[in-house]
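Asks: Heads up: the sequence lines are chains A and B, in that order.
Add 2 to the 1-based position in the first sequence for this note's numbering, that's all there is to it.
Add 29 to the 1-based position in the second sequence for this note's numbering, that's all there is to it.
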Amino acid sequence: MLEIKNLHARIGEKEILKGINLTVPDGEIHAIMGPNGAGKSTLSYVLSGRDGYEVTEGEVIYDGQDILALAPEDRAAAGLFLAFQYPVELPGVGNANFMRTAVNAVRRKRGEAELDAVAFLKLARAAVKNLSMKEDFLKRNVNVGFSGGEKKRNEMLQMALLQPGLAILDETDSGLDIDALKIVAEGVNALRSEKFSALVITHYQRLLDYIVPDMVHVLSGGRIVRSGPASLALELEAHGYAGLEAA
Amino acid sequence: MSASMQAIADQKYKYGFTTDIEMEEFPLGLSEDIVRRISAKKSEPAWMLEWRLKAYRLWLTMEEPDWANVKHPPINYQELYYYAAPAKEQPKSLDDVDPELLRTYEKLGIPLNERAALAGVAVDAVFDSVSVATTFRDTLSKSGVIFCPISEAVREHPELVKKYLGSVVPVRDNYFAALNSAVFSDGSFVFIPKGVRCPMELSTYFRINARNTGQFERTLIIADDGASVSYLEGCTAPMRDENQLHAAVVELVAMDDAKIKYSTVQNWYPGDADGKGGIYNFVTKRGACRGKNSKISWTQVETGSAITWKYPSCVLQGDGSVGEFYSVAVTNHHQQADTGTKMIHLGKNTTSTIISKGISAGKSDNTYRGLVKILASASGARNFTQCDSLLIGNECGAHTVPYIESRNSSAKLEHEATTSKIDEDQLFYCRSRGLSEEDAVGMIVNGFCKDVLKELPMEFAVEAQKLLAVSLEGSVG
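(1) Quick one: grab the DSSP three-state call for residue 508 of chain B.
(2) Does the contact criterion of 3 or more C-beta pairs under 8 Å hold for the stretch 379 to 394 of chain B versus the stretch 121 to 130 of chain B?
(3) With a threshold of 8 Å between beta carbons, is residue 32 of chain B in contact with chain A?
(4) At what residue ranges does the stretch 77 to 149 of chain A contain a whole run of the alpha helix (DSSP H), taking only runs of 4 or more?
(5) Could you tell me whether the Cβ of residue 455 of chain B comes closer than 8 Å to any Cβ of chain A?
(6) Which ranges would you report for the alpha helix (DSSP H) in the stretch 422 to 470 of chain B if only whole runs of at least 4 residues count?
(7) Taking the C-alpha atoms as reference points, what is the distance between residue 141 of chain B and residue 231 of chain B?
(8) For residue 239 of chain A, does the three-state DSSP call read helix, strand or coil?
(9) From B:202, B:440, B:340, pick the residue whose C-alpha is nearest to that of residue 312 of chain B; which is it?
(10) The alpha helix (DSSP H) spanning residue 302 of chain B covers which residue range?
(11) Using only the alpha-carbon positions, how far apart do residue 161 of chain A and residue 249 of chain B sit?
(12) Relative to chain A, which residues along the stretch 469 to 492 of chain B have a C-beta separation below 8 Å, given in chain order?
(13) Straight-line CA distance for residue 70 of chain B to residue 242 of chain B?
(14) For residue 185 of chain B, which residues in the same chain have their Cβ closer than 8 Å to its Cβ, ignoring the five residues on either side in sequence?
(15) Quick test of your reading: residue 108 of chain A and residue 79 of chain A, contact by CB under 8 Å. State the CB separation rounded to the nearest angstrom.
(16) Within 10 Å of its beta-carbon, does residue 487 of chain B have 16 or more other beta-carbons around it, so buried, or fewer, so exposed?
(17) Scan the stretch 32 to 58 of chain A for residues whose Cβ lies nearer than 9 Å to a Cβ of chain B and list them as they occur along the chain.
(18) In whole angstroms, what separates the C-alpha of residue 172 of chain B from that of residue 219 of chain B?
(19) Measure the alpha-carbon distance for residue 300 of chain B versus residue 111 of chain B and round it to whole angstroms.
(20) Evaluate the contact criterion for the stretch 170 to 179 of chain A versus the stretch 120 to 134 of chain A: three or more CB pairs, one atom per stretch, below 8 Å.
(21) Cα separation between residue 213 of chain A and residue 154 of chain A?
(22) What separation, rounded to the nearest whole angstrom, lies between the Cα atoms of residue 99 of chain B and residue 185 of chain A?
(23) So which of B:84, B:372, B:116, B:304 has the shortest CA-CA distance to residue 213 of chain B?
(24) Which of the three DSSP states, helix, strand or coil, is assigned to residue 165 of chain A?
(25) Could you name the residues of chain B that residue 75 of chain A contacts, counting a contact when the two beta carbons are closer than 7 Å?
(26) For the stretch 276 to 292 of chain B against the stretch 320 to 337 of chain B, do three or more pairs of beta-carbon atoms, one drawn from each stretch, fall closer than 8 Å, so that the two count as touching?
(27) Strictly by DSSP, which residues pair up with residue 151 of chain B?
(28) Residue 230 of chain A by DSSP, collapsed to three states: which one?
(29) What did DSSP end up calling residue 342 of chain B once you bin it into helix, strand or coil?
(30) Could you pull out every residue in the same chain whose Cβ sits closer than 6 Å to the Cβ of residue 217 of chain B, ignoring the five residues on either side in sequence?
(31) Is the shortest distance between the beta-carbon of residue 165 of chain A and the beta-carbons of chain B less than 8 Å?
(32) Starting from residue 96 of chain B, trace the beta strand (DSSP E) in both directions and tell me its first and last residue.
(33) CB residue 496 of chain B to CB residue 296 of chain B, shorter than 8 Å?
(34) Report yes or no: is there a C-beta of chain B within less than 8 Å of the C-beta of residue 174 of chain A?
(35) When Cβ atoms are compared, which residues of the stretch 96 to 108 of chain A fall closer than 9 Å to chain C?
(36) Since residue 85 of chain A and residue 204 of chain A should fall inside the 8 Å C-beta cutoff, what is the C-beta to C-beta distance between them, to a whole number of angstroms?
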């Protein structure tokens, strides 16, 4: 379970998150929607531990552990996964090598045995197939020369291999056509279980046609201003974010 | 510095130990008498002594070059020892080598015992001024390959040494080459006869141990018509507060259809984090592609030394000959590197490739300096050059100084250069996937260097990858 309590964070002197309260029980998928500049990406970065964001108040408890004190790599080991809005290119670093290193780093910290090259490849090939990707995906350099859709699929591949308990999808749908969108949704839906939860951050409703959330929260001006069932997303789509601040 | 910080600093350079062994040293400083003593110590014939003396007299008239993008206090050549060697008599066979020396090389990961040695690699171990052991000589001699200390070659194969020594790097080539010619004390000699493919990787492992001692090694490799050889050198030195000079000369000669692949993993002590100590690595390396369709390929991974000044080059004389230079140069803390290559095209349809990857971190300075020269005779010559620089942090420098001269209008030359930084985005991306910051840097740097690392013999590629990661420890955050 993820519990965010009264979370305040700033970049430099500017306060972006102004007291966020949010609980995501295990097994649930929550969507976070909101206008540009509401603090959506900041929330995902603060949760995953990126430098440059200062938490001034509040706490984030995941699985009973305060994760704000952990380094990003330790949060990954604890089960957090951030799917990037703009996945980063790593020239010269093979996708398979990168993922095996990551998976084994996480397994080591979780006290699990590391996977040898053969065992890992078997796992990776199966995951690649599940995501309707070509096998040469594993041989290419991480995100280098990938189309927008391929980059997002690669994020889903990484997520499938790292087996997180909590996935944060930061506008993973931006710039995707419908086919790619479906693949991202399938990636998330495939992981759905009692032990998996997700925060799906999105500007548009359409991703939520494919990943049906248990709850929708509206983030505006650094606070959650409204929460409701999946139908709230449709309402927002129809009426926009205007006027929510006052609600 | 706290104890734990000290531990981390020590751990970074794991070859920094010293070997406690009784040494024979010549008196401090350089003079004609020292040159004579070195020659006498090696029981050299008169022609060799004459060659050295000529070099010494020439050196006295020369001036230290100052064009490189490096800074250091003046070197006092009278405050160096020019000869230091284990005091015990030169061993006749591996069984006679001082156990303390065997242990030293064991610690460096180079077992000299042939049974324990890396399969398929013959090693010449040079300790300060002398070769202490050469493995697999018998195996090699069965195929006619000569692999021995150069001091021995001077005595045993004088016709070959006379013919080739100084034929690629003339005594007067530069200040450090002249100095080396006067005082070189050991190094490796390799001769691969006609049509022979050397059955093993050959390697020389250079170790500086003695204090205030310069190491002046000389390597000469000849591949006769149709012969081929792959040779690797490794270098380490103890951690000491004062700088030490290493001025080597390497000459390669490739005859018709011959191939020489020369790989270096240079890990001399780089000095501490404040720039104290470390090796001055002033080296002249050059290969002559004398025969048609011959090929010389240099691959270097340069992570050590306080200062590196080194331009492994190819003189492409034979028609259709090929020169290659693949380089990774890493500088961290206060290290300075000014390194690159020269490709001199003389023959028709000669080809050269230059791939250089410079990585700068800390407060270091890293310069690529290269020359591609196409002479009028070199019709159809081609060159491709790619120079990439990677910066880590905001206090380091990367410089690229390419010179191109073409006197033949049929030549084709390409030059590409990039400079990039390891950015926060890449690091955070890797860390969010579970990699530690240092593993992330290691992975990004290895990716950046991949085109060069894949040129190394396999056994050493893994070692080189680890070395890159260790050299950059503490360079971020």
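Virtual Cβ for every residue (Gly too), placed ideally from N, Cα, C.
Every value quoted in this text rests on a predicted model; they were computed, and no experiment measured them.
Replies: Answer, in terms of the structure:
(1) A question about residue 508 of chain B goes unanswered here, because the residues of chain B that appear run from 30 up to 506.
(2) No, they do not touch.
(3) Residue placement at residue 32 of chain B cannot be trusted, given a pLDDT of 39 that sits under 50; what the coordinates show is reported in the next sentence. Contact of residue 32 of chain B with chain A is not assigned, every C-beta pair being separated by 8 Å or more.
(4) Restricting attention to alpha helix (DSSP H) runs no shorter than 4 residues, the stretch 77 to 149 of chain A encloses them at 97 to 111, 119 to 132, ordered along the chain.
(5) Output row for residue 455 of chain B: interface = yes.
(6) Within the stretch 422 to 470 of chain B, the complete alpha helix (DSSP H) segments at least 4 residues long are 453 to 461, listed from N- to C-terminus.
(7) Computed Cα separation, rounded: 13 Å.
(8) Three-state DSSP puts residue 239 of chain A in a helix.
(9) With distances taken between Cα atoms, residue 312 of chain B lies closest to B:340.
(10) Element bounds for residue 302 of chain B: n/a, residue is neither H nor E.
(11) The alpha-carbon separation between residue 161 of chain A and residue 249 of chain B amounts to approximately 54 Å.
(12) Cβ contacts with chain A come from 472, 473, 475, 476, 477, 478, 479, 480.
(13) Rounded to whole angstroms, residue 70 of chain B to residue 242 of chain B spans 17 Å at the Cα level.
(14) Excluding five sequence positions before and after residue 185 of chain B, the CB atoms of its chain that fall closer than 8 Å to its own CB belong to 177, given in chain order.
(15) The pair is a contact, with the Cβ atoms about 5 Å apart (cut-off 8 Å).
(16) The residue is exposed, with fewer than 16 neighbouring Cβ atoms inside 10 Å.
(17) Answer in chain order: 47, 50, 51, 52, 53, 54.
(18) Straight across, the Cα-Cα distance linking residue 172 of chain B with residue 219 of chain B is about 13 Å.
(19) Rounded to whole angstroms, the gap between the alpha carbons of residue 300 of chain B and residue 111 of chain B is 21 Å.
(20) Per the Cβ contact rule, the stretch 170 to 179 of chain A is not in contact with the stretch 120 to 134 of chain A (fewer than 3 Cβ pairs under 8 Å).
(21) Residue 213 of chain A and residue 154 of chain A: Cα-Cα distance of roughly 15 Å.
(22) Roughly 55 Å separates the two Cα atoms.
(23) The shortest Cα separation from residue 213 of chain B among B:84, B:372, B:116, B:304 belongs to B:84.
(24) In the structure shown, residue 165 of chain A sits in coil (DSSP, three-state: anything other than H, G, I, E or B).
(25) 460, 463, 464, 465, listed in chain order.
(26) Pairwise C-beta distances place the stretch 276 to 292 of chain B in contact with the stretch 320 to 337 of chain B, as three or more of them are shorter than 8 Å.
(27) DSSP links residue 151 of chain B through a beta bridge to B:231.
(28) Note: residue 230 of chain A maps to strand in three-state DSSP.
(29) DSSP places residue 342 of chain B in the strand class (E or B) of the three-state scheme.
(30) Excluding residues within five positions, the ones whose Cβ falls inside 6 Å are 153, 233, 248.
(31) Not closer than 8 Å to any Cβ of chain B, the Cβ of residue 165 of chain A fails to qualify, so no.
(32) Counting along the chain, residue 96 of chain B falls outside any beta strand (DSSP E), and DSSP gives it neither H nor E.
(33) The answer is yes: Cβ separation under 8 Å.
(34) Judged by the 8 Å Cβ criterion, residue 174 of chain A is not in contact with chain B.
(35) Any reference to chain C falls outside this structure, whose protein chains are A and B.
(36) That pair is no contact at about 11 Å.
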